[in-house]
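Chains as they are written, first to last, in my numbering: chain P, 1 to 114; chain Z, 115 to 226.
Note that beta-carbon positions come from the ideal geometry of N, C-alpha and C, so glycine has one too.
In this text the structure is predicted, and so the values were computed from the model without any measurement.
Below is one structure, written out as structure tokens, with a few remarks after it.
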Amino acid sequence: DVKVTQSSRYLVKRTGEKVFLECVQDMDHENMFWYRQDPGLGLRLIYFSYDVKMKEKGDIPEGYSVSREKKERFSLILESASTNQTSMYLCASSLFHRGQSPLHFGNGTRLTVT
Amino acid sequence: ELKVEQNPLFLSMQEGKNYTIYCNYSTTSDRLYWYRQDPGKSLESLFVLLSNGAVKQEGRLMASLDTKARLSTLHITAAVHDLSATYFCAVDGSSNTGKLIFGQGTTLQVKP
Chain P
1 DVKVTQSSRY LVKRTGEKVF LECVQDMDHE NMFWYRQDPG LGLRLIYFSY
51 DVKMKEKGDI PEGYSVSREK KERFSLILES ASTNQTSMYL CASSLFHRGQ
101 SPLHFGNGTR LTVT
Chain Z
115 ELKVEQNPLF LSMQEGKNYT IYCNYSTTSD RLYWYRQDPG KSLESLFVLL
165 SNGAVKQEGR LMASLDTKAR LSTLHITAAV HDLSATYFCA VDGSSNTGKL
215 IFGQGTTLQV KP
């Protein structure tokens, strides 16, 4: 089974702090994604990556950056956390098979910015 | 810009009843996915629909895809309490890259 592991289940940070959310997958997947989930809005794509050191913006990249130095690890960075970034963050991975592979999700990190 | 809309957003139903969740999307795509999320848990893949007319069934759930109408349905037959969850549809956003755009989710509550 694919395992996507997010380093923290719950995080509480202060406004202005730099926040790192870590995600590791163990199935040698090429694609990795960061989504945020908010009630009534579904999941919205922040950033994604098809390969090491490659990244592309999703629909809501403002206030975020990402890093992919190794194939199995994809980090989401909040440069200066704000209260409107309080949310559930979900990492996912998939095989690069022309989009036919479903996403495999981690358990999520619930971030609260105070 | 691709938009994905589900309806209803909330569904309360009695055990044993049938119902359908609808997923409409705004631009051409022939890849559609259904996921389930239990409270406090992550998303679990249910179905992958890869062509027009595709139909997949597992247990009391059946999903179908009509790419011409840009519509997918998730049909629930004889609902049971264990099906209570939030269901999301998602469409491949661009050039079959695996980048998925999600609907808002439909929260299903099955009452005894």
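Exercise for review: Output the boundary residues of the beta strand (DSSP E) element that contains L197(Z).
Suggested key: For the purposes of this step, residue 197(Z) is taken as the residue at position 83 of the second sequence. Where L197(Z) is concerned, there is no enclosing beta strand (DSSP E), given that its DSSP letter is neither H nor E.
Practice item. Note down the Cα distance separating K3(P) from K155(Z), rounded to an integer number of angstroms. Key: Position 3 of the first sequence, counted from the start, is the residue given in the question as residue 3(P). Position 41 of the second sequence, counted from the start, is the residue given in the question as residue 155(Z). So the alpha carbons of these two residues sit roughly 14 Å apart.
Check your understanding: For E22(P), which residues from the same chain have a beta carbon less than 6 Å from its beta carbon, with the 5 sequence-adjacent residues on both sides left out?
Key -> Here residue 22(P) corresponds to residue number 22 of the first sequence, with the count starting at 1. Closer than 6 Å at Cβ, skipping near neighbours: S7 and S75.
Review point. Three or more beta-carbon pairs under 8 Å between the segment 125-141 of chain Z and the segment 43-63 of chain P, yes or no?
Key: no
Exercise for review: Can you check DSSP and say which residues form a bridge with A204(Z)?
Suggested key: The residue you call residue 204(Z) lines up with position 90 of the second sequence. DSSP output for A204(Z) lists Y147(Z) and F216(Z) as bridge partner(s).
Point to revise | C-beta atoms of N121(Z) and T191(Z) nearer than 7 Å | key: On the second sequence, position 7 is the one that residue 121(Z) refers to. On the second sequence, position 77 is the one that residue 191(Z) refers to. No.
Check your understanding: I77(P) and S87(P) look like a contact to me (Cβ under 8 Å); what is the Cβ gap, rounded to whole Å?
Key -> For the purposes of this step, residue 77(P) is identified with residue 77 of the first sequence, where counting begins at 1. For the purposes of this step, residue 87(P) is identified with residue 87 of the first sequence, where counting begins at 1. About 15 Å separates the two Cβ atoms, so there is no contact after all.
Review point. Which of helix, strand or coil does DSSP assign to N84(P)?
Key: On the first sequence, position 84 is the one that residue 84(P) refers to. Helix, per DSSP.
Point to revise | L41(P), buried or exposed, once every other Cβ within 10 Å from all chains shown has been counted against 16 | key: To locate residue 41(P), count along the first sequence from 1; it is residue 41. Exposed.
Point to revise | Residue burial classification, F33(P) (beta-carbon count within 10 angstroms, cutoff 16) | key: To locate residue 33(P), count along the first sequence from 1; it is residue 33. With 16 or more other Cβ atoms within 10 Å, it is buried.
Exercise for review: Pull up the distance between the alpha-carbon of G212(Z) and that of I135(Z), whole angstroms please.
Suggested key: Here residue 212(Z) corresponds to residue number 98 of the second sequence, with the count starting at 1. Here residue 135(Z) corresponds to residue number 21 of the second sequence, with the count starting at 1. About 23 Å.
Review point. Looking only at its own chain, which residues have a Cβ that is under 7 Å from the Cβ of S186(Z), when we skip the five neighbours before and after it?
Key: The sequence position of residue 186(Z) within the second sequence is 72, counting from 1. Within the same chain, S186(Z) has close Cβ partners C137, L146, L163, A177, S178, L179 and C203.
Practice item. Name the one or two DSSP bridge partners that S65(P) has. Key: Counting from 1 along the first sequence, the entry for residue 65(P) is found at position 65. Note: S65(P) sits in a beta bridge opposite I77(P).
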